[in-house]
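Enquirer: Can you keep this structure in mind? I'll have questions shortly.
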Amino acid sequence: MSRAGRRALALLALACALGGCAADVVMLNPRTGETTTCAASARGLNPWSQQEACIGDHVAAGWVRANR
């Protein structure tokens, strides 16, 4: 692979790792009607990890995504 090809591939990988399309996720407690937000974070190389942990914790407690 040429140097330009490697550079393009590296830039694409970087854009995928840092760019993303993360958005806040609203969670709903179906028993109480309470809502909370699992916020998207732009910090770090994997900004979705904290959000996914938040979503997983709420799903385990019986919450559902409000936008589904």
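If you read the sequence shown in my numbering, its first letter stands for residue 12, the second for the next number, and so on. Note that the Cβ used here is the ideal one computed from N, Cα and C, for glycine as well.
#1: With distance defined between alpha-carbon atoms, name the residue in GLN61, THR46, ASP35, SER13 nearest to GLY73.
#2: May I have the straight-line CA-CA distance separating GLU63 from ARG42, to the nearest angstrom?
#3: According to DSSP, MET38 sits in a beta bridge with which residue or residues?
#4: Among MET12, ARG14, MET38, SER13, which residue has its Cα nearest to the Cα of VAL70?
Expert: Working from what's here:
#1: Nearest to GLY73 by C-alpha distance, out of GLN61, THR46, ASP35, SER13, is THR46.
#2: Rounded to the nearest angstrom, the two C-alpha atoms are 22 Å apart.
#3: Answer is THR47, ARG76, bridged to MET38.
#4: Residue MET38 is the option with its Cα nearest to VAL70.
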